[in-house]
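In mature numbering (1 follows the signal peptide of the UniProt record, and there is no 0), the protein residues as written are -21 to -1, 1 to 234.
1. Using 8 Å as the cut-off, can you tell me whether the stretch 73 to 92 makes contact with the stretch 27 to 44, which would need three or more C-beta pairs spanning the two stretches below that distance?
2. Residues in the same chain with beta-carbon distance under 6 Å from residue -9, minus the five sequence neighbours each way, listed in chain order, please.
3. DSSP on residue 189, reduced to helix/strand/coil?
4. CB-CB under 6 Å to residue -1, same chain, minus the five flanking residues each way: which ones, in chain order?
5. Identify whether residue 121 lies in helix, strand or coil by the three-state DSSP scheme.
6. Taking the beta strand (DSSP E) that residue 277 belongs to, which residues open and close that run?
7. State whether the stretch 47 to 57 contacts the stretch 215 to 223, with contact taken as three or more CB pairs (one from each stretch) at a distance under 8 Å.
8. For the beta strand (DSSP E) holding residue 158, just list the boundary residues, first then last.
9. Tell me where the beta strand (DSSP E) around residue 208 begins and ends.
10. Roughly how many angstroms separate the alpha carbons of residue 32 and residue 20, rounded to a whole number?
11. Return the chain-ordered list of same chain residues with a C-beta closer than 6 Å to the C-beta of residue 184, the five sequence neighbours on each side being excluded.
12. With 16 other CB atoms within 10 Å as the buried threshold, where does residue 157 fall?
Pasting the structure below:
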């Protein structure tokens, strides 16, 4: 299915529903996404400063260490009170591979994406929901690209248990070169103090003809005000013999 068809389907379906957007929230950090919609006429800019991944594996009997940095970016703007357009870029990237006493460094540009997020009214003060149709185009350089375009349809449902705790789950279904994958991300968000909050998540992914993948992530968020927030997060993969970690810093603005 083409990106145009996916986006068109979501837009058409959205206007046929009675909807109400949840209170605006940034989608950084974390693997899942929020149910809030960017207000019409405003722009949200969410920037990685950067994101870092580290992988340690064994190749031909030699230990190999790989470090990758990329400054991912997401722009969001409201099209209607319950609909927003998203433009993303995995950004400039750099990697270093070290094995058998030798190091190889590379740099390049990542893939770009376009998506449409639609809020769904569940007629409940504590429950909110949104769906996201997204296409990731493999426009990046060789070692910083998905190589084939990815088309996905995701949903997020959040429950505000109290003023201090919110739970949510994101489900993502994607197709890449006729292969399917599903990802589930249960998340808990909690107020720490004043302008500080945190989150913890479990990421489960199953791709066609691939083993199950699991990872844990956690982070903190500092809301400078209603229009600016900063974040820091860490994560660890739980599958396989390889050691794999991720971390990131970010800042988000609402103009």
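Even glycine gets a Cβ: it sits at the ideal position worked out from N, Cα and C.
Taking the definition as stated:
1. Yes, the stretch 73 to 92 touches the stretch 27 to 44.
2. Confidence at residue -9 is low in this model, with a pLDDT of 40, below 50, so the placement of that residue is unreliable and no value is reported for it.
3. Secondary structure at residue 189: coil, using DSSP grouped into helix, strand and coil.
4. Confidence at residue -1 is low in this model, with a pLDDT of 47, below 50, so its placement is unreliable and the value that follows should be read with caution. Same-chain partners within the cutoff: 16, 60, 61, 98.
5. The answer is helix: DSSP assigns residue 121 an H, G or I state.
6. No information on residue 277 is available, as it lies outside the stretch -21 to 234 that the chain covers here.
7. No, the stretch 47 to 57 does not touch the stretch 215 to 223.
8. Per DSSP, residue 158 belongs to the beta strand (DSSP E) from 158 to 172.
9. Element bounds for residue 208: 207 to 216.
10. In this structure, the straight-line span from the alpha carbon of residue 32 to that of residue 20 is close to 35 Å.
11. Only 162, 192 meet the Cβ criterion.
12. Exposed, by the Cβ-count rule.
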